[in-house]
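Per this note's numbering, the sequence shown starts with residue 463, numbered consecutively.
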Amino acid sequence: MTLEIQKSFENSPLWKLKVRLQYSGWLQYIIHAIWVLIMVMIAGAGWLIGYWPVLLFWMPLGIAAFLGIALVGNVLIVKYGWHPAEGIPASKTDMDAFDLMRDRHSCRSFQSQNLTSEHHAKLMEAVQFHSQQNQLLGQKPVRFEYICAPLTVWPVVGASQFLVAIAPHEYNRLSIIDVGRSLQKIVNHATKMGLATCWIGPGADQKSIIEHLGNRIDPIKDHVICVCAIGYESMFKPLFIRLMQKLQHRRLPLSQLFFSDPLFKIPLDTKSEPYSNYGRCYEVCQWSPSSYNSQTTRCVAVTDQIEDQDKPIRFDFFAATTSRYYAAVALGIWCANWETGCKALNKHGHFAILSPKERGFDGVSDLPRYDLSWVIEYA
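In structure tokens, the structure reads:
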């Protein structure tokens, strides 16, 4: 019944109008206009009362005036581009790996200018390298197609350059994880170059993507997993998007992401040895991007006796939801940041998929779902 209600709602005129506004780039301004209208209505109600109390007339009227001016400015400056030309951001080659991963954020507003030929060439070098079969965890190929065209996406403003992540049409979970892991490494490389990026999953119109890919995609053999907008960040962005970014700038505490038992009951003590040796690896996973900022990845640290000392032998990574695509992509992003952090700390290891018997965790519930492990290599 719930599925029928959902389908009925998605076929309604209201939903179709919302989608039309969303993909035309007007939805964020319409939401802003609704705020103005609400404030005007509150002020009108205050006026009808007769004695015009401050809280019911002047204050909402002032807010409505402020928001109205901001709305006109947003439309002219952001939607129609009435603003001065912006410069190309400097590279961030002086940052260490952890500061670089933490500095990266989802860019919601891009400049109209395309990448320079030098930046485009370096970006495509990274794309080619991280798409090689020997860089992947699975046996199935994944690839990233570059598109220079204004795809239909939401809520990003001004984006005209994208990497489209493509995996085989036949579902293979490890391939989806590879998409997240490989694309995040490309994103980290782009961040170091001074480029801005934005992962886009549900907010991308599949028809628009396939149309612009043309003969570079075979719908029978290929499946578009997500896209990533790439370009130069713009300081000009709609007020609604600024507010949305503020609300999304939060993460679950480490105690809800990292655990020391297979039942996810005991938080991992990341501040004490031997786990403190992994330093900011936990932090960069905590701040990894995920669809709707849902943070669907969990980790369990496993310890054993090595040379008469308790030492971590591996970190098991799990998906906390049944999502077939977005949870797997998010887990792959975690793996990329974890791997990069370990490399920066000179901590050696490799990813492996272990059977329940190898993990010694028979009988564990289906969720969170185990996907793969980072097996530590001691010299």
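In this text, a Cβ means the ideal position worked out from N, Cα and C, and glycines have one as well.
Only a predicted model underlies this, so the values are computations on that prediction, with no experimental measurement involved.
Own chain partners of residue i with C-beta closer than 7 Å, once the 5 adjacent residues on each side are dropped
i	result
Y788	G663 and S753
E839	H810, G811 and H812
A547	none
A532	L701
As assigned by DSSP and simplified to three states, the class of residue i
i	result
W836	strand
K819	helix
F572	strand
V626	strand
G811	strand
D684	strand
V619	strand
I728	coil
F777	strand
G693	strand
A611	coil
R786	coil
F698	coil
T758	coil
A806	helix
Sequence-distant residues of the same chain with beta carbon closer than 6 Å to residue i, five excluded per side
i	result
N739	none
C859	Lying before the first or after the last residue shown, residue 859 is absent from the chain, which here runs from 463 to 841.
T765	D772 and P774
D824	P818
K602	P630, N634 and S637
L705	none
Cβ-based burial, residue i [other Cβ within 10 Å; buried from 16]
i	result
N596	exposed
P751	buried
P700	buried
R712	exposed
C610	exposed
I638	buried
N536	buried
Other residues of its chain near residue i: CB distance less than 8 Å, five sequence neighbours each side excluded
i	result
P681	H631 and I672
T578	I550
Neighbour flag for residue i against chain C, beta carbons, 8 Å
i	result
L489	Of the protein chains in this structure there is only one, and it is not chain C.
For residue j and residue i, believed in contact at Cβ under 8 Å, the rounded distance
i	j	result
F606	S593	6 Å
Q490	F702	4 Å
Those runs of the alpha helix (DSSP H) which lie wholly inside the segment 522 to 609 and span at least 4 residues: 559 to 565 and 579 to 593
Within the segment 635 to 671, ranges of the beta strand (DSSP E) (whole runs, at least 3 residues): 658 to 662
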